[in-house]
Every structure is written in C-alpha cells, then in structure tokens.
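Visitor: Each residue of the sequence shown is one higher than the one before, starting from 97 at the first, in my numbering.
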Amino acid sequence: MRIGMLTGGGDCPGLNAVLRAAVRKGQTHYDDELLGFRDGWKGVLENRADELDVERMRGTLPRGGTVLGSSRTNPYKVDGGVDRVKETLAKNNVEALIVIGGEDTLGVANKLSDEGVKVVGVPKTIDNDLSATELTFGFDTAVQICVDAIDRLHTTAESHDRVMVVEVMGRHAGHIAVWAGIGGGAMMVLIPEKPFDIEEVCAAIQHRHETKGRYASIVVVAEGATPVEGTLSVHTSGEVDAFGHARLGGIGDALAREIESRTGYETRAIVLGHVQRGGTPTAFDRVLSTRFGIAAIDAVHDGAFGAMVALRCGNVVRVPLREATEELKLVPDDLYDVAKVFFG
Ligand code: F6P
C-alpha cells in the first residue's frame, strides 16, 4: 500500500519512534511505500511530503521532536481545506493516512474519516489528556523532566528557605502537575480540574513554615490552573490558535507574587515550559511509541479505519477515533487525593 503519515499539534518525545516503527514494519513486512507529510495538516494542504524509508528513519529512535515537523493547522478552518486534503491524497496515490496527534489533530482525522478518508489515529500529547487511552507517549518523559527539575529546586529552595512555584504544562488537565508533584515531593499541586483558593494555599504554606521551622516549599501549578473566580487576576496574552485554544502561561508568576505578598516568604516562579516537550524520550515512551507505530500500520492493513490505537490494561488495542476525541481525560479524584496527603 501507499500510506501517508503526519504529526500534528504540539510535538512530544516519541513521535520519531512511532514513525520509525511504522516505516520499519510497513516497508519490510508489508512492502508498503510510506510518505511523510510535512508540518501536520499544513503539509497535506500544501502538498509537501517526503518519502520515508528505513534508511531515512535510522538513528531517530532517541531523537525528540519530529523529523516531519508539526503545526497546529485546522483544515476545517481553511477555505476549501477539506477538498485540498482529499486532492493531495489522491495526487500522491495515498490509500490510507496514519495521523499522530492530540485532541485537535485527531479531531480533524475523525471528521475526515466520517467523510470517507481512510485514517488510523495514534494518540500523542505530553498532557496525557486523551480519553480512550490510559497513557499517551511523551507524558512519561515530560513528568521525568519536571521531577528532575523539582529535585534541583528543592536544594536551592532549602538553602534560601524560599517558596518555589513551579509552573508545568497542562492546559485542561493536571496530569503532569499531579505526577510531577507526587514524584517530586511538592507540598501543594494546583490543577485545572480544581479551582484553587489563594487564601487556603497561603495558609497551608504558612502552617508548614510555622510548625516545621525553617522549611522550603515547592508548589507545582499546571499552566491551566485557575483561581476561584474573582480571587486572583492572571494576565494571559489573549492569543488563540487555529483550534481556539488560548496561549497559556502566567499563573506561576501571579501565584508567586501573591504568595510572597500574603505570607512574607521569599518566593520565586519557575516556568518549565517547552523544556518539558524537548529532548530524548524515556525508555518507557520509546517502547510505547514503537508499539503504537506497529499497531497503527497493522490496523491499516486490517482495514481498521476510523480507529485509534490505545493503551488499555497494558495492551495496545483499537478504539473508535470518535471515542478518543469526544471528551478529555481529567485527573481522577483518587490520584489527586494521593497528592493532597502531602499538602501543607
Ligand atoms: O498540547 C500540549 C501542550 O504542550 C500544552 O500543554 C501547552 O499548553 C501547549 O501545548 C503549548 O503550545 P505551544 O507549543 O503552541 O506553545
């Protein structure tokens, strides 16, 4: 078969491992021709693609990012976009498309699938907020990067007896924050799912410092965490992407300023930002990506279109793309309760 592949949305460690695995099994086992579209849906709209083969993918397993490039392009927001996608696929004799993305990229894939395009989805996002799969690759790497940073912040926080507010990614869901908070020993974790009360946050820090003496504190906050309405103003750029998502960032600074002024404890904000998305994937993410890549090419050959590969109970299975993009996976209460045991 002649199969197209693309990576869309925010990049994450493990994308190349998916491509490499799909190319390897496609070329050597099924005798496929693989075509990699550049920059997500943008490359399909503009008919920009490279032939992919085992040789081209050599050495990419440990490389972060994506050799194909990525973008946040929504063909449904472009005049004649969907027709252009179909034209490009026809022009290149592409019989099926493997789409590697998060909620937005896969949302487009799902709509195209309803219109008859033969699509198989692969879930990726460091945010781990896709329902229908227990884990997305990239998440484990991002959490490890956060925990490494928090370990380092502990020692400098202790030397100076400071509060460190660590802002991590997580637009709508606080999976990274909760895992990083538990793994890094945070005394407070604030997530989008639970609007926070700044008075309670400061009271907990104060209680910890007053009852335990000189004691530094690490507060982890997801970029999408929000204060209880009307209690704290947070400046955002107001910019939105092609899928209508606001560009976040700023909660860490706002929180640090407020904590310092309310408690009198010296406080610093650290924004980990895109560092969380960069660099080499962990062994876990390499294996998961490889399994997903193999499962995706197998799904194409089984004619399982409109499906997404997913991890459930340790097994890679196929689920309907619709199910995967319908709703976001939020942090379960029982996991947040584990983090809460260490609050204060
Ligand atoms: O969707 C993954 C993500 O890393 C989010 O956590 C974050 O809000 C967003 O991407 C950042 O996007 P950009 O790379 O466009 O700044």
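Ideal Cβ placement from N, Cα and C applies to all residues, glycine included.
Using a Cβ-Cβ distance under 9 Å, would residue 256 count as near chain B?
Guide: You won't find chain B in this structure, because it holds only one protein chain.
Visitor: With DSSP as the reference, please indicate the residues paired to residue 102 in a beta bridge.
Guide: Taking the first residue of the sequence shown as position 1, residue 102 is located at position 6. Within the DSSP secondary-structure output, residue 102 pairs in a beta bridge with 195.
Visitor: Starting from the C-beta of residue 141, find all residues in its chain whose C-beta is less than 8 Å away, skip the five residues before and the five after it, and write them out in chain order.
Guide: Taking the first residue of the sequence shown as position 1, residue 141 is located at position 45. 169, 171, 174, 177, 180, 181 and 184, listed in sequence order.
Visitor: Would you call residue 239 buried or exposed, if buried means 16 or more other Cβ atoms sit within 10 Å of its Cβ?
Guide: By one-based count along the sequence shown, residue 239 stands at place 143. Looking at its Cβ environment, which holds 16 or more other Cβ atoms inside 10 Å, residue 239 is buried.
Visitor: What residue from 419, 118 and 152 has the CA that sits closest to residue 127's CA?
Guide: Reading the sequence shown from its first residue, position 31 is the one you call residue 127. Selected option, being the one with the closest Cα: 118.
Visitor: With distances taken between CB atoms, is the gap from residue 420 to residue 217 smaller than 9 Å?
Guide: The sequence position of residue 420 within the sequence shown is 324, counting from 1. The sequence position of residue 217 within the sequence shown is 121, counting from 1. Cβ atoms of residue 420 and residue 217: closer than 9 Å.
Visitor: Less than 8 Å between the CB atoms is what I'm expecting for residue 267 and residue 364, so what's the real figure, rounded?
Guide: Residue 267 sits at position 171 when you count from the first residue of the sequence shown. Residue 364 sits at position 268 when you count from the first residue of the sequence shown. With a Cβ gap of about 24 Å, residue 267 and residue 364 do not count as contacting.
Visitor: What are the boundary residues of the beta strand (DSSP E) that includes residue 411?
Guide: Within the sequence shown, residue 411 is the residue found at index 315, counting from 1. For residue 411, the uninterrupted beta strand (DSSP E) segment begins and ends at 411-416.
Visitor: Return helix, strand or coil for residue 70, following the three-state DSSP convention.
Guide: Look at the range of the chain in this structure, 97 to 440, and you will see that residue 70 is not part of it.
Visitor: Nearest CA to the CA of residue 107: which residue from 260, 123, 192 and 197?
Guide: Numbered from its first residue, the sequence shown carries residue 107 at position 11. With distances taken between Cα atoms, residue 107 lies closest to 197.
Visitor: Would you tell me roughly how many angstroms separate the C-alpha atoms of residue 413 and residue 407, rounded to the nearest one?
Guide: Sequence index remark: in the sequence shown, residue 413 carries index 317 (1-based). Sequence index remark: in the sequence shown, residue 407 carries index 311 (1-based). Straight-line Cα distance between these residues: approximately 6 Å.
Visitor: Could you tell me the boundaries of the alpha helix (DSSP H) in which residue 431 lies?
Guide: The residue given as residue 431 occupies position 335 in the sequence shown. Going by DSSP, residue 431 is part of the alpha helix (DSSP H) stretching over 429-436.
Visitor: Ignoring anything shorter than 4 residues or poking outside the stretch 275-311, list the alpha helix (DSSP H) runs there in chain order.
Guide: 294-308
Visitor: When DSSP labels each residue in this structure, what does residue 314 get in the three-state scheme?
Guide: Indexing the sequence shown from 1 puts residue 314 at position 218. Correct three-state label for residue 314: strand.
Visitor: On the three-state DSSP scale, how would you describe residue 265?
Guide: Here residue 265 refers to the residue found at position 169 when the sequence shown is read from its first residue. If DSSP states are grouped into helix, strand and coil, residue 265 belongs with coil.
Visitor: Taking 8 Å as the cut-off, is the CB of residue 222 close to at least one heavy atom of the ligand F6P?
Guide: Translated into the one-based positions of the sequence shown, residue 222 becomes position 126. Indeed, a heavy atom of the ligand F6P lies less than 8 Å from the Cβ.
Visitor: According to the neighbour-count rule (16 or more other Cβ atoms, all chains shown, within 10 Å of its Cβ), is residue 389 buried or exposed?
Guide: Here residue 389 is taken as the residue at index 293 of the sequence shown, counted from 1. The residue in question, residue 389, is buried, as its Cβ has 16 or more Cβ neighbours within 10 Å.
Visitor: For the putative contact between residue 427 and residue 321, defined by C-beta atoms under 8 Å, what is the C-beta separation to the nearest angstrom?
Guide: The residue you call residue 427 lines up with position 331 of the sequence shown. The residue you call residue 321 lines up with position 225 of the sequence shown. So it is not a contact: roughly 11 Å between Cβ atoms.
Visitor: So, are the CB atoms of residue 235 and residue 113 less than 9 Å apart?
Guide: As a first step, residue 235 must be located in the sequence shown, where it is residue number 139. As a first step, residue 113 must be located in the sequence shown, where it is residue number 17. The answer is no: Cβ separation not under 9 Å.
Visitor: Tell me which same chain residues have a C-beta within less than 8 Å of the C-beta of residue 293, skipping the five on either side of it?
Guide: Within the sequence shown, numbered from 1, the residue matching residue 293 stands at position 197. Same-chain partners within the cutoff: 323, 324 and 327.
Visitor: Starting from residue 404, trace the beta strand (DSSP E) in both directions and tell me its first and last residue.
Guide: Within the sequence shown, the letter at position 308 stands for residue 404. Taken as a continuous stretch (DSSP letters only), the beta strand (DSSP E) holding residue 404 covers 403-408.
Visitor: Among 228, 417, 159 and 229, which has the Cα closest to the Cα of residue 208?
Guide: Residue 208 sits at position 112 when you count from the first residue of the sequence shown. Per the Cα distances, 417.
Visitor: Report the residue from 339, 286, 335 and 254 whose alpha carbon sits nearest the alpha carbon of residue 313.
Guide: Along the sequence shown, one-based indexing puts residue 313 at 217. Residue 254 holds the alpha-carbon nearest to the alpha-carbon of residue 313 among 339, 286, 335 and 254.
Visitor: Looking only at its chain, what residues have a beta carbon closer than 7 Å to the beta carbon of residue 359, apart from the 5 residues adjacent to it on each side?
Guide: The count along the sequence shown starts at 1 and reaches residue 359 at position 263. If the five residues before and after residue 359 are omitted, its C-beta is found closer than 7 Å to the C-beta atoms of 298, 301 and 302, all from its own chain and listed in chain order.
Visitor: Residue 237 to residue 345, Cα distance in whole Å?
Guide: To locate residue 237, count along the sequence shown from 1; it is residue 141. To locate residue 345, count along the sequence shown from 1; it is residue 249. Approximately 21 Å, taken between the alpha carbons.
Visitor: Quick one: residues in its chain with C-beta nearer than 8 Å to the C-beta of residue 310, no 5 flanking neighbours on either side, listed in chain order?
Guide: For the purposes of this step, residue 310 is taken as the residue at position 214 of the sequence shown. These residues qualify, in order along the chain: 257.
Visitor: Can you check DSSP and say which residues form a bridge with residue 220?
Guide: Numbered from its first residue, the sequence shown carries residue 220 at position 124. According to DSSP, residue 220 bridges with 233.
Visitor: Under 8 Å: does the beta carbon of residue 286 sit that close to some heavy atom of the ligand F6P?
Guide: If you number the sequence shown from 1, residue 286 lands on position 190. No, Cβ of residue 286 sits at least 8 Å from all heavy atoms of the ligand F6P.
Visitor: Tell me whether residue 186 is buried or exposed, calling it buried when 16 or more other Cβ atoms sit within 10 Å of its Cβ.
Guide: In the sequence shown, counting from the first residue as 1, residue 186 sits at position 90. Counting Cβ neighbours within 10 Å, residue 186 comes out exposed, since fewer than 16 surround it.
Visitor: With DSSP as the reference, please indicate the residues paired to residue 336 in a beta bridge.
Guide: By 1-based counting over the sequence shown, the position of residue 336 is 240. Answer is 342, bridged to residue 336.
Visitor: So residue 241 packs on residue 101, CB below 8 Å; how close in whole Å?
Guide: Stepping through the sequence shown from its first residue, residue 241 is reached at position 145. Stepping through the sequence shown from its first residue, residue 101 is reached at position 5. About 26 Å separates the two Cβ atoms, so there is no contact after all.
Visitor: Is the separation between the beta-carbon of residue 219 and that of residue 383 shorter than 9 Å?
Guide: In the sequence shown, the residue the question calls residue 219 occupies position 123. In the sequence shown, the residue the question calls residue 383 occupies position 287. In this structure, residue 383 does not lie closer than 9 Å to residue 219 by Cβ.
Visitor: What span of residues does the alpha helix (DSSP H) with residue 141 cover, start to end?
Guide: Looking up residue 141 in the sequence shown gives position 45. For residue 141, the uninterrupted alpha helix (DSSP H) segment begins and ends at 137-141.
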